[in-house]
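Report on the structure given below.
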Amino acid sequence: MQRREDLPFSDRIRFLTGRVSLDFTHTGGEGESARWEIVHTPADLARWLGVILSVDGLSAGPADLAAMRPLRTAITTAARSLAVGGGVRAADVATINAAAEVPPLVPRLGAAGAGVGFAAPTPAAALSTIARDAIDLFGGPLAERIRICASETCGLLLVDTSRPGKRRWCSMQRCGNIAKVRAHRQRA
Ligand SMILES: [Zn+2]
1 MQRREDLPFS DRIRFLTGRV SLDFTHTGGE GESARWEIVH TPADLARWLG
51 VILSVDGLSA GPADLAAMRP LRTAITTAAR SLAVGGGVRA ADVATINAAA
101 EVPPLVPRLG AAGAGVGFAA PTPAAALSTI ARDAIDLFGG PLAERIRICA
151 SETCGLLLVD TSRPGKRRWC SMQRCGNIAK VRAHRQRA
């Protein structure tokens, strides 16, 4: 079992948005997102869905990989459009809604102290859980708080849940710090 917090920071940085749907878009995709691709095989899909959703025991096949791609593209396109004040295309709405129609992951309380697991998790259920998170995010007040990290070389998405709504960086630990150091050098 692998968890976000066990990943090296270079990988973990992808999964810090606080929303599973946005974390999912950071696994790769088409066009600009292709440079981030880490889902090349069904085993990769099972692994990264497991990390993003904290679910153990997923196994995926070629059909799951094929089902994942259009959903990931739809969520990515929608999130990046919302981040720059645009809307969500009807085709992307339809793709996200279709993925959400499948029953989602079913949480299950483990024996005392064992925490929460999922009953017989499948990739389709995992994708449904992700699609439902996207629906909640894109259809709610936080849709206006989706941003693209202000670093020109980053491109990761974030949701600004801070009260003032002035968050600019995917992570203070990375892009925020780099910007701070640069500003400091320019002043010196
Ligand atoms: Zn960044």
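When you line the sequence shown up against full-length UniProt numbering, it's residues 1 to 188, in that order. For every residue, glycine included, the Cβ atom is placed at its ideal position computed from N, Cα and C.
Return yes when at least one heavy atom of ligand 1 lies under 7 Å from the C-beta of residue i, else no.
{"i": "Arg174", "result": "yes"}
{"i": "Leu156", "result": "yes"}
{"i": "Trp36", "result": "no"}
{"i": "Ser162", "result": "no"}
{"i": "Trp169", "result": "yes"}
{"i": "Ser151", "result": "yes"}
Can you tell which of the options has its C-alpha closest to the C-alpha of residue i?
{"i": "Ser101", "options": "Gly85, Ala120, Ala125 and Arg108", "result": "A small correction: the amino acid at residue 101 is Glu; Ser does not occupy that position in the sequence shown. The residue with the shortest Cα to Cα distance from Glu101 is Ala125."}
{"i": "Pro62", "options": "Ala74, Val55 and Leu45", "result": "Leu45"}
{"i": "Asp64", "options": "Ala78, Trp48 and Thr77", "result": "Trp48"}
{"i": "Asp23", "options": "Ser54, Ala94, Gly176 and Thr153", "result": "Ser54"}
{"i": "Ala150", "options": "Val84, Pro107 and Gly50", "result": "Val84"}
{"i": "residue 189", "options": "Ala79, Thr95 and Phe138", "result": "The first residue shown for the chain is 1 and the last is 188, placing residue 189 beyond what the model contains."}
{"i": "Asp11", "options": "Glu37, Ser21 and Arg19", "result": "Glu37"}
Secondary structure, beta strand (DSSP E): runs of 3+ residues fully inside the region 126-163: With a minimum length of 3 residues, the continuous beta strand (DSSP E) runs that stay inside the region 126-163 are 146-148 and 157-159.
Check whether the region 126-134 and the region 96-112 are in contact - that is, three or more C-beta pairs closer than 8 Å. Verdict: yes, contact present.
Spell out a yes or no on whether the region 81-95 and the region 26-38 are touching, meaning 3 or more CB-CB pairs, one atom from each, closer than 8 Å. Not touching, per the Cβ criterion.
List in chain order: all unbroken alpha helix (DSSP H) runs of 4+ residues lying wholly within the region 33-71. Here the runs fully enclosed are 42-53.
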